[in-house]
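Numbering follows our numbering, in which position 96 of the sequence shown is assigned residue number 464; successive positions increment by one, without gaps.
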Amino acid sequence: MKQKFHYATVSEAIDKLKEQGFDLDFNLEANHLKAGEYTYPADEFEIVDVYRYEGPSDPADEATVYALASPAGQKGILVTGYGYSADEVAEETLKQLHYKYQAKQD
């Protein structure tokens, strides 16, 4: 699926994705996505869309917004910042999600 929109800000992207049913607010912990009290295996999800934002001069202002969905119907949003994680497992998990996304784009 090709990216259809590019929103002006991270906040706008989150608001519009929530309107599209991406209502879970994910945090990536090791190889799991956490949303409130629920934990989901990250490998059960796929990236539906990715939106990248860069600050005008400071790399710390960079952010990426991921729209994620599972075959079971859970949909949510993961926002990562520059230099996302010192957790190698979480970093590898995010890479695997990217690989699946890129394979679908080809």
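Glycine is no exception: its CB is placed at the ideal position from the N, C-alpha and C atoms.
Residue i - DSSP class collapsed to helix/strand/coil
{"i": "D411", "result": "helix"}
{"i": "H374", "result": "coil"}
{"i": "D393", "result": "strand"}
{"i": "A435", "result": "strand"}
{"i": "A398", "result": "coil"}
{"i": "N383", "result": "First, the residue type needs correcting, since residue 383 is Asp and not Asn in the sequence shown. Helix, per DSSP."}
Expected contact under 8 Å - CB spacing of residue i and residue j to nearest Å
{"i": "Y419", "j": "A381", "result": "5 Å"}
Of the residues the options, the one placed nearest residue i, counting alpha carbons only
{"i": "T377", "options": "Q473, K463 and V433", "result": "V433"}
{"i": "D475", "options": "F390, S379 and G449", "result": "Outside the displayed range of the chain (369 to 474) lies residue 475, so it cannot be described from this structure."}
{"i": "A475", "options": "Q470, G449, I445 and K386", "result": "Since the first and last residues shown for the chain are 369 and 474, residue 475 lies out of range."}
{"i": "A458", "options": "A410, L392 and E422", "result": "A410"}
{"i": "Q464", "options": "G441, E422 and I415", "result": "I415"}
Inter-residue spacing [alpha-carbon to alpha-carbon] between residue i and residue j
{"i": "E460", "j": "K443", "result": "21 Å"}
{"i": "H466", "j": "H374", "result": "18 Å"}
{"i": "N399", "j": "E412", "result": "10 Å"}
{"i": "Q388", "j": "L446", "result": "15 Å"}
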